[in-house]
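Numbering (our numbering), first residue to last: 18 to 362.
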């Protein structure tokens with residue numbers, strides 16, 4: 018595990034069925050595909066040879082269509098599902114080596130999980146729901162209620178602690194679920210499509226709140242989603258899965274500008290490049306004298322800002338890194354970038 022990595026998984030396979038290990042051996046020895054594994058072994062490949070590393074404080078989005086294996090994968094981090102094969106390390110702990118008691122403690126102290134369906138206890142108040150992880154940890158009642166109330170304040174539900182789940186809207190219930198996951202102060206958050214069941218407006222509001230919260234708490238987060246726009250808004254990096262395999266991992270800009278294959282290219286074809294692509298990805302080498310009055314921008318400036326700048330100024334745009342001129346962008350470069358990101362019928 019690298020110095021910055023909090024999570025590192027290597028060659029993880031999950032095959033569902035009574036003949037999982039025989040199926041895996043056949044896959045490795047004979048190169049069987051998913052259909053052949055199902056036909057020959059009556060087994061289903063859920064996750065296929067996935068390796069990845071997640072850095073401290075990073076929001077790592079895993080996305081794909083229904084059946085791609087993303088929700089199956091996230092349940093391996095805390096061993097809600099047991100992998101057929103592979104290695105999982107979190108904060109230097111070999112998760113696969115933990116016995117039942119150690120695993121229970123690990124789940125309670127190191128990992129918080131937020132589900133799509135909220136999973137709140139209807140007979141408990143909001144405050145009691147949030148305090149549950151601390152109760153399991155046998156924290157004294159007054160102290161766990163104090164900590165739960167502080168977390169409710171962070172998610173802006175401090176006045177709702179005495180209410181019950183059925184008295185809250187869907188968006189509020191999901192914030193309670195997030196507060197409960199945060200109450201035990203875990204190192205890692207696992208979020209399995211937490212906003213997908215909500216209306217679009219509420220979903221966007223919660224995305225914004227989560228982004229602000231993440232900047233404050235800096236929790237290492239695995240965020241599962243089928244929504245590319247959500248992944249682009251939230252993720253520091255994005256992983257795209259297909260048929261249980263990891264197809265590409267990178268920043269939104271990497272994936273939009275350099276898709277690994279036709280599947281990824283189709284996947285990102287409809288995404289707007291304006292907020293995703295930055296100056297360093299568009300710039301060309303400086304080969305001609307630079308006009309003294311040419312506009313200058315930082316290499317992290319977005320395509321949207323570059324286009325507005327080019328509208329108002331006829332000069333090429335000079336890109337800088339730490340005050341040093343490192344590249345140039347012309348109107349033709351900007352136009353080419355926009356056109357290549359647009360589906361042409």
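We put the CB at the ideal spot given by N, CA and C, even for glycine.
Roughly how many angstroms lie between the CA atoms of residue 141 and residue 81, to the nearest whole one?
35 Å
Quick check for students: name the residue ranges of the beta strand (DSSP E) that lie wholly in the region 89-174, counting only runs of 3 or more.
102-107, 128-131
Just reading off the beta strand (DSSP E) that residue 28 is part of, what are its end residues?
22-33
Contact between the region 336-345 and the region 314-324 (3+ Cβ pairs under 8 Å)
yes
Per DSSP, what are the beta-bridge partners of residue 325 in this structure?
Per DSSP, none; premise fails for residue 325.
Please name the residue in 169, 276, 318, 300 whose C-alpha comes closest to that of residue 292.
318
Are there three or more Cβ pairs, one per stretch, closer than 8 Å when the region 73-87 is compared with the region 238-254?
With the rule of 3 Cβ pairs closer than 8 Å, the region 73-87 counts as touching the region 238-254.
At 3 residues or longer, what runs of the beta strand (DSSP E) sit wholly inside the region 256-284?
For the region 256-284, whole beta strand (DSSP E) runs of length 3 or above, ordered along the chain, are 262-267.
Contact under 8 Å by Cβ, residue 117 with residue 31
no
Could you please give me the residues that DSSP links to residue 209 through a beta bridge?
241
Just the Cα atoms here: how many angstroms apart are residue 198 and residue 356?
Those two C-alpha atoms are separated by around 43 Å.
Which residues bound the alpha helix (DSSP H) around residue 197?
Note, residue 197: alpha helix (DSSP H), 187-200.
Proximity winner among 262, 241, 354, relative to residue 288 (alpha-carbon distances)
The residue among 262, 241, 354 with its C-alpha nearest the C-alpha of residue 288 is 354.
How many Å lie between residue 193 and residue 259 at the Cα?
Separation of residue 193 and residue 259 (C-alpha to C-alpha, rounded to the nearest whole angstrom) is 32 Å.
Under DSSP, the alpha helix (DSSP H) around residue 290 begins and ends at which residues?
Counted as a single uninterrupted DSSP element, the stretch harbouring residue 290 is not any alpha helix (DSSP H), since DSSP gives it neither H nor E.
Of the residues 219, 206, 103, 96, which one's Cα is nearest the Cα of residue 127?
206
Got a sec, what are the start and stop residues for the alpha helix (DSSP H) residue 227 sits in?
217-234
Contact under 8 Å by Cβ, residue 323 with residue 299:
yes
When burial is assigned at 16 or more other CB atoms within 10 Å of the CB, is residue 168 buried or exposed?
Answer is buried; the Cβ neighbour count reaches 16.
Give the C-beta separation of residue 223 and residue 190 to the nearest angstrom, bearing in mind that I take them to be a contact with Cβ-Cβ under 8 Å.
Not confirmed; about 11 Å, so no contact.
Do you know whose CA, among 137, 249, 305, lies nearest residue 186's CA?
137
Give the DSSP-derived three-state secondary structure of residue 65 in the structure shown.
Of the three classes helix, strand and coil, the one that applies to residue 65 here is strand, per DSSP.
My guess is that residue 107 and residue 24 are in contact by the Cβ rule of under 8 Å, so how many angstroms apart are they, rounded?
5 Å
Distance check for residue 263 and residue 230, CA to CA, integer angstroms please.
If I take the Cα positions, the gap works out to 28 Å.
Measure the alpha-carbon distance for residue 53 versus residue 154 and round it to whole angstroms.
46 Å
Going straight from the alpha carbon of residue 208 to that of residue 93, what length do you get?
13 Å
Taking the alpha-carbon of residue 301 as reference, which of 279, 330, 348, 268 has the nearest alpha-carbon?
348
Sort out for me which residues DSSP pairs residue 335 with in a bridge.
313, 345
Which whole-angstrom value describes the C-beta separation of residue 102 and residue 28, a residue pair presumed to lie in contact below a C-beta threshold of 8 Å?
7 Å
Closer than 7 Å by C-beta to residue 37: which residues in its own chain qualify, once you throw out the five before and the five after it? Chain order, please.
60, 101
So, helix, strand or coil for residue 73, using DSSP?
coil
Give me the Cα-Cα distance between residue 188 and residue 134, rounded to the nearest whole angstrom.
11 Å
Using a Cβ-Cβ cutoff of less than 6 Å, which residues in the same chain neighbour residue 70 once the five nearest sequence positions on both sides are dropped?
Answer for residue 70: 22, 25, listed in chain order.
Who are the Cβ neighbours of residue 178 in its own chain at under 7 Å, not counting the five residues just before and after it?
Excluding positions up to five away in sequence, the list reads 142, 143, 144, 166, 169.
Anyone know if the C-beta pair for residue 64 and residue 86 falls short of 8 Å?
yes
For residue 160, which residues from the same chain have a beta carbon less than 8 Å from its beta carbon, with the 5 sequence-adjacent residues on both sides left out?
For residue 160, where only same-chain residues beyond five positions count, the Cβ hits under 8 Å are 151.
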